[in-house]
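Numbering (the UniProt record's numbering), first residue to last: 1 to 474.
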């Protein structure tokens, strides 16, 4: 004990070597649990380090293998992929073809523009000419796919596949194996797992051999088989004679008459044969003489050659002249118009076409109706190109290259007229009405000093006017 510090210390005697050794090996209370905890912690730490090192090693190894792997084996090029050809006239289904191209693009992760160009390169027939225009209108495979379906899918009707299957014969194939293969492909295309109502309708229509009946049923556009049956009840079945019946009624020629002794030849007078089997061959000799008589002489041939050498100067067709050309005669119209200079028109009539009023004149000697070129620009109606030669309108025939058909309102009546368009200086009025208007039943034209009046009699007034059927200039 140290009296100065106030602390009592017990003195420990020094240990000998033997006692120190024994005391060192004695277990210390609580040290075993601590050592076990340290051992477990060390073990877990080492395991985590090993796992982390293993993951890092695998990642490093994968990067090394990826760096060593060739570039062409990591992605498939478009040149390594095969696209089947497509021809719309060969019976290939367009939807199956475009779906195959789409699945191939998704499976191999191909570029869109490469797929579009590759698909356009394998098109055949009409599809190849279509692709030249489609490449200018589309920029992606999806746009080209939709355009292709809209163009070629309506052609692949189900009834046409059925009809092709029924009409296909072994004579259409080069060999028997080819025939069997084509029939098998047609059969798989016809037999559908889940047919729709439209497929059933087209299957029934495709099984009909008569072209006229099949066309009528297709034009009916039925949506179900019961509806198709209802439409078919209104049609009459045409009974065609079978091939056996047609040939059964024909008489079979027999050569027994050659040796029939009861027959007398009227050429040589001998018995046992007919004139056609006569050894003198009189009938053949007669036919030869008739053939020589039917051959024209040299002078007749020259006359026919001169007749054929004539060529019309109007239509450029040989065989006739300008004076007898029917095409020229049908294209000419007579306009027998005559008027005193500086004289008021006494045969004038007001015509309303659309929202405008025009001053017209009636000419009973004209075959057709005319209109000025400047007036025709404001007329509503349909226009057609037709060349017509007009005589009597001036010192030389006038030519009209087009005509306009308009509905005119004259004296409380709507009339449809065909107006031949002529130059402005060739007509004294805006419109000239010819006698073609008199083709309407019951229509009367009264000419007086005050003007022209058009009326219909009481018998035909109740009948509606059929525009275009009476006034059409032929």
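Every residue gets a Cβ at the ideal spot worked out from N, C-alpha and C, and that includes glycine.
Under the three-pair Cβ rule at 8 Å, the region 443–456 does not count as touching the region 368–381. According to DSSP, residue pairing for residue 432 in a beta bridge involves 361, 370. For residue 398, the enclosing beta strand (DSSP E) stretches over residues 398–410. By the C-beta density criterion, residue 95 is exposed, having fewer than 16 other C-beta atoms within 10 angstroms.
A direct Cα-Cα distance of roughly 20 Å separates residue 40 from residue 53. Per DSSP, the continuous beta strand (DSSP E) segment holding residue 420 begins and ends at 413–422. Bridge pairing for residue 318: 311 [DSSP]. Between the C-alpha atoms of residue 76 and residue 181 there is a straight-line separation of about 33 Å. With 16 or more other Cβ atoms inside 10 Å of its own Cβ, residue 118 counts as buried. With fewer than 16 other CB atoms across the displayed protein chains lying within 10 angstroms of its CB, residue 42 is exposed. Spatial neighbours of residue 450 in its own chain (CB-CB distance under 6 Å, excluding positions within 5 residues in sequence) are not present. Listed in chain order, the alpha helix (DSSP H) elements of length 4 or more contained wholly in the region 131–212 are 141–152, 158–167, 176–190, 197–206.
Close CB contacts of residue 101 within its chain, under the 6 Å cut and outside five residues either way in sequence, are with 119 (chain order). Counting along the chain, residue 77 sits inside no beta strand (DSSP E), nor does DSSP assign it H or E at all. Between the alpha carbons of residue 150 and residue 126 lies a gap of roughly 15 Å. A direct Cα-to-Cα measurement between residue 264 and residue 280 gives close to 14 Å. For residue 452, the closest C-alpha among the options 360, 427, 387, 426 is that of 360. The C-beta separation of residue 349 from residue 362 comes to about 6 Å, placing the pair in contact by the 8 Å criterion. Contact check for residue 175 against residue 206 fails: the beta carbons are separated by 8 Å or more.
Counted as a single uninterrupted DSSP element, the stretch harbouring residue 270 is not any alpha helix (DSSP H), since DSSP gives it neither H nor E. Residue 353 sits in a strand when the DSSP states are folded into three classes. Between the region 161–171 and the region 135–148 there are fewer than three inter-stretch CB-CB distances shorter than 8 Å, so the stretches are not counted as touching. Residue 200 and residue 162 do not touch by the CB rule: their CB atoms are close to 11 Å apart, not below 8 Å. Separation of residue 64 and residue 114 (C-alpha to C-alpha, rounded to the nearest whole angstrom) is 31 Å.
A distance of 8 Å or more separates the beta carbons of residue 420 and residue 448. Going by DSSP, residue 455 is part of the beta strand (DSSP E) stretching over 452–456.
Each residue's CA atom was taken as its position, placing residue 217 and residue 137 some 37 Å apart.
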